[in-house]
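K.L.:
Residue numbers (the numbering used here): 59 to 346. Positions of the beta carbon are idealized from the N, C-alpha and C atoms, including for glycine. In this text, all values refer to a predicted model and were calculated from it rather than measured experimentally.
Shown next as structure tokens:
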């Protein structure tokens, strides 16, 4: 029984612990009593500020889009508007507690200076992002090839650029890799190149005429710049007819497959032979 009593007393809180708990409860009660209105006011300001920031940024973005502003620059300006309004609401909320912004700005400045030394890589991405947004070497929906990847520009952020390739895979490229590298920008279109061989016994001009008509008849082929068709090579077993034309990036594979099939069928209907590699072997009998 004595052991049980000792165990029970060991599990019970001590007088000092009870006093500490009481002081914590009293402190919280006094704080809530003194600052309850300020807390509610600060929360209301933050919530309203966030809602107003979202509405204003949405209105500004739609306004810029109707004025045919660049998509990337429009999103950046709207984002700055939203951040500014939320920041203003935060300052007003701090004012509810009598906190001035000057010491906070000084602390943030010192923190930013130290962070700039430690995170030079991310900061260089932000600097490159600003350069991309304002200099606009490319815009949303352009097709670019940079740093070994290629795709359609979906979005430009301060730190990175989002591309989407023909397989629908999202590619995220740091902006310092985008702005500091050689870049190919085909402005939302891609070049399709095709080759087909015809027999040496057929007329190349006739084959070229057939292919030109097929390409011109396809609605997915862009006519500016105009398609090109001509003799590209004299191979061992055939005359190679090369053709080149431009399409919009989203329809690249669809148009290419359609045109290739139409070229094959069109040459067959015109009676033009598409040869395959072959060799003539002559057997010379040996005299016995």
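Measuring CA to CA, which of 227, 310, 184 is closest to residue 237?
P.N.:
It is 184 whose Cα lies nearest to the Cα of residue 237.
K.L.:
Would you say residue 214 and residue 190 are within 7 Å of each other, going by their C-beta atoms?
P.N.:
Closer than 7 Å, so yes.
K.L.:
If I measure Cβ to Cβ from residue 139 and keep anything under 7 Å in the same chain, skipping five residues before and after, which residues do I get?
P.N.:
So the qualifying residues of the chain are 114, 115, 118.
K.L.:
When you compare the CB positions of residue 328 and residue 272, do they come within less than 7 Å of one another, or not?
P.N.:
Not in contact: residue 328 and residue 272 (Cβ atoms no closer than 7 Å).
K.L.:
Using the three-state DSSP reduction, which class does residue 132 fall into: helix, strand or coil?
P.N.:
Three-state result, residue 132: helix.
K.L.:
Output needed for residue 326: all residues of its chain with C-beta closer than 7 Å, excluding positions within five of it in sequence on either side, in chain order.
P.N.:
Excluding sequence neighbours, residue 326 sits near nothing in its chain.
K.L.:
Use the C-beta contact count for residue 87: other C-beta atoms within 10 angstroms, 16 or more gives buried, fewer gives exposed.
P.N.:
It is exposed - the Cβ of residue 87 has fewer than 16 other Cβ atoms within 10 Å.
K.L.:
Terminal residues of the continuous alpha helix (DSSP H) containing residue 251?
P.N.:
Taken as a continuous stretch (DSSP letters only), residue 251 belongs to no alpha helix (DSSP H), being part of the beta strand (DSSP E) at 247-256.
K.L.:
What would DSSP say about residue 193, mapped onto helix, strand or coil?
P.N.:
Three-state DSSP puts residue 193 in a helix.
K.L.:
What would DSSP say about residue 60, mapped onto helix, strand or coil?
P.N.:
Low confidence applies here, because residue 60 scores a pLDDT of 49, under 50, leaving its location unreliable; read the following figure in that light. If DSSP states are grouped into helix, strand and coil, residue 60 belongs with the helices.
K.L.:
Could you tell me the boundaries of the beta strand (DSSP E) in which residue 302 lies?
P.N.:
Taken as a continuous stretch (DSSP letters only), the beta strand (DSSP E) holding residue 302 covers 297-306.
K.L.:
In whole angstroms, what separates the C-alpha of residue 98 from that of residue 137?
P.N.:
Answer to the nearest angstrom: the Cα atoms are 27 Å apart.
K.L.:
Is residue 229 helix, strand or coil when you go by DSSP?
P.N.:
DSSP places residue 229 in strand when its eight states are reduced to three.
K.L.:
Figure out for me which residue from 234, 317, 342 has the closest Cα to the Cα of residue 277.
P.N.:
For residue 277, the nearest C-alpha among the options comes from 317.
K.L.:
Pick from 235, 313, 240: whose alpha carbon is nearest that of residue 182?
P.N.:
The shortest C-alpha separation from residue 182 is found at 235.
K.L.:
Verify whether the separation of the beta carbon atoms of residue 298 and residue 339 is less than 7 Å.
P.N.:
For residue 298 and residue 339, no; Cβs fall outside 7 Å.
K.L.:
Opposite residue 356 in the DSSP bridges: which residues?
P.N.:
Any answer about residue 356 is impossible in this case: the structure gives the chain only from 59 up to 346.
K.L.:
On a CA-only basis, which of 309, 322, 334, 268 is nearest residue 293? Give me that one, please.
P.N.:
It is 334 whose Cα lies nearest to the Cα of residue 293.
K.L.:
Answer yes if the segment 299-311 comes into contact with the segment 241-251, meaning at least three C-beta pairs across the two stretches below 8 Å, and no otherwise.
P.N.:
Short answer: they touch.
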